[in-house]
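What follows is one structure encoded as structure tokens, with my remarks underneath.
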Amino acid sequence: MSSFADFQNEIYLNGLGDVLPGLPTDLTRLERLARKRLSPGAHGYVAGSAGTGATARANREAFDRWRIVPRMLRDVTVRDLSVEVLGASLPAPVLLGPVGVLSIVHPDGELAVARAASALNVPMVLSSAASYTIEEVAEAGGEGPRWFQLYWPKDPEIAASFLGRAKAAGYTALVVTLDTPMLGWRPHDLDQAYLPFLRGIGVANYFSDPAFLKGIGGSVGADRSTALLHWAAIFGNPAVTWDDLGFLREHWDGPIVLKGIQHTDDARRAVDAGIDGVIVSNHGGRQVDGAVGALDMLPEVVAAVGERTTVLFDSGIRSGADVVKALALGARAVLVGRPYAYGLGLAGEAGVRHVLRCLMAELDLTMALSGITRPADLTPEFLRGP
Ligand SMILES: Cc1cc2nc3c(=O)[nH]c(=O)nc-3n(C[C@H](O)[C@H](O)[C@H](O)COP(=O)(O)O)c2cc1C
Ligand SMILES: O=C(O)C(=O)c1ccccc1
1 MSSFADFQNE
11 IYLNGLGDVL
21 PGLPTDLTRL
31 ERLARKRLSP
41 GAHGYVAGSA
51 GTGATARANR
61 EAFDRWRIVP
71 RMLRDVTVRD
81 LSVEVLGASL
91 PAPVLLGPVG
101 VLSIVHPDGE
111 LAVARAASAL
121 NVPMVLSSAA
131 SYTIEEVAEA
141 GGEGPRWFQL
151 YWPKDPEIAA
161 SFLGRAKAAG
171 YTALVVTLDT
181 PMLGWRPHDL
191 DQAYLPFLRG
201 IGVANYFSDP
211 AFLKGIGGSV
221 GADRSTALLH
231 WAAIFGNPAV
241 TWDDLGFLRE
251 HWDGPIVLKG
261 IQHTDDARRA
271 VDAGIDGVIV
281 SNHGGRQVDG
291 AVGALDMLPE
301 VVAAVGERTT
311 VLFDSGIRSG
321 ADVVKALALG
331 ARAVLVGRPY
341 AYGLGLAGEA
351 GVRHVLRCLM
361 AELDLTMALS
371 GITRPADLTP
381 EFLRGP
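The following block contains the structure:
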């Protein structure tokens, strides 16, 4: 396979317009363009974070405090970015993280994301709160790798049903998000009174689920407000504890990853409970305001459980250099959130492909120029930090 960096030559030789949907190749500039082009409500929902935005800022500041120290004369002609994650081989240490309600930014929503992910063989993690169903997204993604993200609902029958549907539709790994038993305090959305669910977006999996429908007398009906209220009542389950993890194993026989881990004790507890991986994440700063930057906790978590489990990372990844930093600090792979939502909003499936190709090309080049040819060779030695 040719290296991801060949993409750069394509751009130089053919021009931006021939190989890209005319979008910026820097994901920070892409974000600024999305602010201009997307509807204020949709953009605000995606860009938004909890409270004063301190956690979202801390995520970026944490990346800024770590710097790469490039090494020379190490023959970087041939690079291999592939990594093993939970028994599967990924073309690069990058996944599309679970982002719900994507039809607020583009009518094709998660279907377009699945097509883009499949084209590049990058795993897509489908949100429970997607705008298309588990089955529809699986069909759009074809042979592409897919994982399913569970929002643990109050009704165990719905949880079991989701897991059964995901398994049947070919999702291979389960991501269980722990940091969102309820939505955080998000002033921007409150001020705009903009919540996708109140508009009936993000409930496709629930409204198509026999266990959910049973709770509202069998069908959604013309007036969707009863169904939406029921959705709001069962969406999150603030009562679950570590003692309940057995439920997941009973209903899912593949790998299970816990998302939203930030404390070393929680990471140890997850591993002691037989979990296959953790995602160090603070939900992109959307849940707890005033929280620690996610990258700041990564080294501790890796020191605590890195030998015993797979540690993944998200929250704040905006460039290939950011991926290098997270990997050097011990993450096996990273998930991206907002950047691909912006790509989707700006150019649909092509926009998501664009974001992935730019990120992977930049990662490839940053590694090469730093003297590294394989993700496994990235160690803290390549960084200077706080
Ligand atoms: C609009 C939006 C919707 C999200 N929906 C979900 C979701 O349904 N499930 C989930 O586990 N995380 C969800 N997340 C969090 C992401 O999976 C991820 O943790 C976060 O976006 C990573 O930070 P980044 O956006 O800085 O890359 C969402 C994030 C955004 C921006
Ligand atoms: O907005 C989010 O961060 C999120 O996780 C979510 C929760 C419920 C539905 C859609 C997205």
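Residue numbers (full-length UniProt numbering): 1 to 386.
Just so it is clear, CB atoms sit at the ideal spot from N, CA and C, and this is done for glycine as well.
| request: Using 10 angstroms around the beta-carbon of Thr309, count the other beta-carbons present and answer buried if the total reaches 16, otherwise exposed. | output: buried
| Nearest to His230 (by Cα), restricted to the options Ile158, Leu174, Gly87 and Arg146 | Ile158
| Every unbroken beta strand (DSSP E) inside the stretch 117-141 [3 residues or more] | 124-126
| Smallest Cα separation from Gly343: which of Gly337, Val336 and Gly351? | Gly351
| request: Would you check whether ligand 1 has a heavy atom nearer than 6 Å to the C-beta of Thr226? | output: no
| Straight-line Cα distance separating Val94 from Met360 | 8 Å
| Straight-line CA distance for Asp266 to Ala222? | 44 Å
| query | Alpha carbon to alpha carbon, what distance is there between Ala328 and Asn237? | reply | 35 Å
| field | Span separating the alpha-carbon of Arg268 from that of Trp66 | value | 25 Å
| said: Tell me which residue opens and which closes the beta strand (DSSP E) that Ala173 is part of. | reply: Ala173 to Thr177
| Three-pair Cβ contact test at 8 Å for the stretch 211-218 versus the stretch 104-113 | no
| task | Given a cut-off of 7 Å, decide if Leu27 and Leu346 are closer than it, judged by their beta-carbon atoms. | result | no
| message | If distances are taken between C-alpha atoms only, which option among Val355, Glu31 and Val76 comes closest to Thr373? | response | Val76
| message | Since Gly293 and Ala62 should fall inside the 8 Å C-beta cutoff, what is the C-beta to C-beta distance between them, to a whole number of angstroms? | response | 3 Å
| task | Compare the C-alpha of Val278 against each of Ala333, His43, Ala5 and Pro156 and name the closest. | result | Ala333
| field | Alpha-carbon to alpha-carbon, Arg165 and Leu38 | value | 33 Å
| said: Can you tell me whether Val101 sits near ligand 2, meaning its C-beta is under 6 Å from at least one heavy atom of the ligand? | reply: yes
| Is the beta carbon of Gly202 within less than 6 Å of some heavy atom of ligand 2? | yes
| request: Go ahead and pull the three-state DSSP assignment for Thr310. | output: strand
| By DSSP, does Trp242 sit in helix, in strand, or in coil? | helix
| query | Over what stretch of residues does the beta strand (DSSP E) that includes Trp66 continue unbroken? | reply | Neither: Trp66 is in no beta strand (DSSP E) and is coded neither H nor E.
| task | State yes or no: is the beta carbon of Val311 nearer than 7 Å to at least one beta carbon in chain B? | result | No chain B appears in the structure shown, which is made up of a single protein chain.
| Bridge partner(s) assigned by DSSP for Glu84 | Ser89
| Closest by CA to Phe87, which one among Ile256, Lys167, Thr177 and Ala227? | According to the sequence as given, residue 87 is Gly; it is not Phe. Taking only the C-alpha atoms, the option nearest Gly87 is Ile256.
| Skipping 5 residues on each side, what residues in its chain have a beta carbon closer than 7 Å to that of Phe235? | Tyr151 and Pro153
| task | Name the two residues that bound the continuous alpha helix (DSSP H) containing Leu304. | result | The question names Leu, yet the displayed sequence has Ala at residue 304. Here the alpha helix (DSSP H) through Ala304 covers Ala294 to Val305.
| query | Is it the case that the Cβ atoms of Gly337 and Gly284 are separated by a distance below 7 Å? | reply | yes
| Secondary structure of Trp231, DSSP reduced to three states | helix
| query | Is the beta carbon of Arg338 within less than 6 Å of some heavy atom of ligand 4? | reply | Within the structure as shown, ligand 4 is missing, the only ligands being ligand 1 and ligand 2.
| message | With a threshold of 6 Å on Cβ separation, who are the neighbours of Gly141 within its own chain once the five nearest residues in sequence on each side are excluded? | response | Ala114 and Ser118
| field | Beta carbon of Tyr12 nearer than 7 Å to that of Asp189 | value | no
| Of the residues Phe382, Ser128, Ala34 and Val69, the one placed nearest Ala204, counting alpha carbons only | Ser128
| message | I'd like to know whether the C-beta atoms of Leu120 and Leu356 end up nearer to each other than 7 Å. | response | yes
| request: Measure the CB-CB distance between Lys259 and Val122 and report whether it falls below 7 Å. | output: no
| task | Give, in chain order, every unbroken run of the beta strand (DSSP E) that is at least 3 residues long and sits entirely within the stretch 151-195. | result | 173-177
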